[in-house]
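Remarks on the structure that follows.
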Amino acid sequence: MDHSSVPCPAWLIKRLDQAGGSISFHQYMEWSLNDPEHGAYATGQLKIGRHGDFTTSPSLGKDFAQLLALQLADWFEQLKQSVDKERTLSLLEFGPGEGDLSFDLISALEDICPALLPRLELILVEANQAMVKRQQKRLGSLTKVPIHWRTLEELAKAPVVGVMIAHEMLDALPVERLVLREQRLFRQGVCLESDDFESYLSFTELPLTAELTSSLADAQVCLGIQIPPADAADGWCSEWHCELKHWWQQASAAMSCGPLLVIDYALEARRYYNASRSAGTLMAYRQQSASGALLEDPGQWDLTAHLCLETLQLQAEQQGWTFLGEVRQGQALLALGLAEKLHALQALPSSQLDIALQRREALLRLVDPVGLGEFRWLAFEFNQNSKGIAEPLRLRCRFLEDPIS
Ligand SMILES: C[S@@+](CC[C@H](N)C(=O)[O-])C[C@H]1O[C@@H](n2cnc3c(N)ncnc32)[C@H](O)[C@@H]1O
């Protein structure tokens with residue numbers, strides 16, 4: 086038995102049998118996260134937050150959203166100049182998880198620009214019903230803006246003017262895994278192995294599909310990205326975000342005019358598709374611990390892969406988005422005033438020392454260069470006239486400005 090073989094749960098044995106014994110890693114990741122009966126998000130098994138399975142920036146407290154809201158308020162102000170006075174403005178969040186970011190953003194916007202609220206609506210795009218239920222509960226007390234859960238198909242029929250945010254959502258999209266074996270590139274698969282007592286999950290190699298081959302060729306021609314890199318050793322493995330192209334198509338169809346902010350783990354192509362990154366970026370998370378054992382307990386772990394900066398940008402531009410710029414989270418938050426927020430904690434009365442210390446710790450974690458501070462903030466804008474011709478909005482992004490200027 087392969088050293089990476091692990092026991093296979095009964096539900097997956099059935100699925101693998103029905104599929105002829107093996108499936109792509111992409112299918113495995115899709116079922117593990119989003120299968121309505123067994124997926125980690127779809128069943129609500131995963132919890133986000135300090136006491137959950139993993140923490141994200143919004144789950145550390147309100148300060149993250151309060152800083153980001155300054156950027157949103159600025160974008161909404163700029164958008165107001167370009168659209169009809171009566172037009173509803175939307176704040177749209179993809180993959181809202183526990184709903185913390187949306188909740189805190191609306192609360193912060195209410196403080197920063199109360200006059201915006203009567204024109205504002207909140208739209209949530211969430212793939213998993215158990216998460217929708219938690220979001221409905223979390224956002225239930227927000228009464229000053231209408232809240233809607235929408236699918237991208239519904240939004241294509243009524244595109245929005247507003248600001249879209251994808252915070253740690255694109256890293257949850259299932260990926261294909263690529264493996265180099267005897268100088269040939271394969272698509273990684275997951276298969277069933279059995280002995281007299283038990284069935285096990287193991288990796289296998291499947292041929293590349295025509296679509297994957299053409300996507301890799303596109304990356305080589307348009308961006309000069311070589312996958313695998315020339316000096317990769319046998320067994321080198323990486324990921325390809327095969328769902329992003331369609332996701333950008335759907336995001337374009339859902340947007341009439343406005344910016345989209347992606348905040349996520351991301352790497353430059355030269356670091357992503359590097360011979361020394363021989364196991365790719367995929368990781369599993371549960372109960373605040375990280376693991377590289379991707380086949381263990383499917384449906385119980387979060388599985389997540391970094392994004393590649395250049396391919397993300399290329400795919401966005403191919404769907405009509407204009408790239409506005411990108412920085413690490415640490416720099417973005419400093420540009421939006423994180424240092425001032427830290428300083429202001431000193432003014433809290435000593436009776437609030439506990440709160441001050443907790444907020445200080447959270448603020449420092451948000452900019453920690455070996456932690457959340459390494460996340461990337463990427464801004465795009467979209468505005469096409471009825472003939473499909475791009476009309477640049479040239480939105481200003483405060484978070485891209487030099488924090489010390
Ligand atoms: C890693 S969590 C991030 C949650 C939240 N944005 C945060 O940062 O705390 C990923 C979220 O995206 C949702 N999700 C996964 N695939 C999705 C898709 N294709 N469309 C919308 N939401 C999706 C998951 O159910 C979950 O709510």
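In this note's numbering, the protein residues as written are 86 to 490.
C-beta atoms are modelled at their ideal positions from N, C-alpha and C, and glycine is treated no differently.
Task: Which residues DSSP lists as bridging Y370, in chain order - done: A375, D387
- [ ] Identify every residue that forms a DSSP beta bridge with M249.
- [x] L177, L345
Open item on the list: According to DSSP, simplified to helix, strand and coil, what is T407?
Closed with: strand
- [ ] Under 8 Å by Cβ, that's how I've got A150 and L190 pegged, so tell me the actual separation to the nearest angstrom.
- [x] 5 Å
Task: Cα-Cα separation, S167 to R479 - done: 11 Å
TODO: Assign G405 to buried or exposed, taking buried as 16 or more other Cβ atoms, counted over all protein chains shown, within 10 Å of its Cβ.
DONE: buried
Task: Three-way DSSP call (helix, strand, coil) for A475 in this model - done: strand
Task: P259 classed as buried or exposed, judged by whether at least 16 other C-beta atoms fall within 10 angstroms - done: buried
Open item on the list: Mapping the DSSP letters down to three states, classify L485 as helix, strand or coil.
Closed with: helix
Open item on the list: Please classify C307 as buried or exposed, where buried requires at least 16 other C-beta atoms within 10 Å of its C-beta.
Closed with: exposed
Open item on the list: Could you check whether the Cβ of D138 sits closer than 7 Å to any heavy atom belonging to ligand 1?
Closed with: no
Task: Cβ shell of P488 (< 7 Å), same chain only, five flanking positions each side left out - done: Q416, L419, A420
Open item on the list: Rounding to the nearest angstrom, what Cα-Cα distance links D120 and T128 in this structure?
Closed with: 8 Å
- [ ] Decide if the segment 359-367 is in contact with the segment 428-438; the criterion is three or more beta carbon pairs, one per stretch, under 8 Å apart.
- [x] no
Task: Distance, D316 Cα to L297 Cα - done: 21 Å
TODO: Tell me the start and end of each unbroken beta strand (DSSP E) in the segment 168-219 that is at least 3 residues and wholly inside, in chain order.
DONE: 174-179, 205-210
Task: Residue burial classification, F288 (beta-carbon count within 10 angstroms, cutoff 16) - done: buried
Task: Inter-stretch contact at 8 Å, needing at least 3 Cβ pairs: the segment 327-340 / the segment 224-241 - done: yes
- [ ] Tell me L392's beta-bridge partners as DSSP assigns them.
- [x] A351
- [ ] Return yes when at least one heavy atom of ligand 1 lies under 7 Å from the C-beta of M216, else no.
- [x] yes
Open item on the list: Please report the straight-line C-alpha distance between P94 and S284, rounded to a whole angstrom.
Closed with: 8 Å
Open item on the list: Let me confirm a value: Q103 is counted as buried when at least 16 other C-beta atoms fall within 10 Å, else exposed. Which label applies?
Closed with: exposed
Task: Burial state of F282 (16 or more Cβ within 10 Å) - done: exposed
Open item on the list: Three Cβ pairs or more, each shorter than 8 Å: is that satisfied between the segment 214-225 and the segment 176-192?
Closed with: yes
Open item on the list: Which of the three DSSP states is assigned to I232 in this structure?
Closed with: strand
TODO: Excluding the 5 residues preceding and the 5 following A251 in the sequence, name in chain order all residues of the same chain whose CB lies nearer than 6 Å to its CB.
DONE: F179, V347
Open item on the list: With distance defined between alpha-carbon atoms, name the residue in P244, F484, L227, R355 nearest to Q195.
Closed with: One point to set straight first is that residue 195 is Glu, not Gln, in the sequence displayed. Measuring from the Cα of E195, the nearest candidate turns out to be L227.
Open item on the list: Here's the rule: buried if 16 or more other CB atoms are within 10 angstroms of the residue's CB, otherwise exposed. What is I440?
Closed with: exposed
Open item on the list: Taking DSSP's pairing of strands, which residues face E364 in a bridge?
Closed with: The identity of residue 364 in the sequence shown is Ala, whereas the question assumes Glu. DSSP, once it has assigned bridges, lists C322 as partnering A364.
TODO: State the start and end residues of the unbroken alpha helix (DSSP H) segment that holds W415.
DONE: Just to set this straight, residue 415 is Gly in the shown sequence, not Trp. 414-420 is the span of the alpha helix (DSSP H), which, as asked, contains G415.
Task: Heavy atom of ligand 1 within 7 Å of S192 beta-carbon - done: no
- [ ] Can you check DSSP and say which residues form a bridge with F44?
- [x] A question about residue 44 goes unanswered here, because the residues of the chain that appear run from 86 up to 490.
TODO: Quick one: give me the first and last residue of the beta strand (DSSP E) that L262 is part of.
DONE: First, the residue type needs correcting, since residue 262 is Arg and not Leu in the sequence shown. From DSSP, the beta strand (DSSP E) with R262 extends over 261-266.
Open item on the list: Applying the 10 Å Cβ sphere with the 16-neighbour rule, what's the burial state of L457?
Closed with: buried
- [ ] May I ask you to check if the CB of N359 is nearer than 7 Å to at least one heavy atom of ligand 1?
- [x] no
Open item on the list: Looking only at its chain, what residues have a beta carbon closer than 6 Å to the beta carbon of H29, apart from the 5 residues adjacent to it on each side?
Closed with: Residue numbering for the chain in the displayed model covers 86 to 490; residue 29 lies beyond these limits and cannot be assessed.
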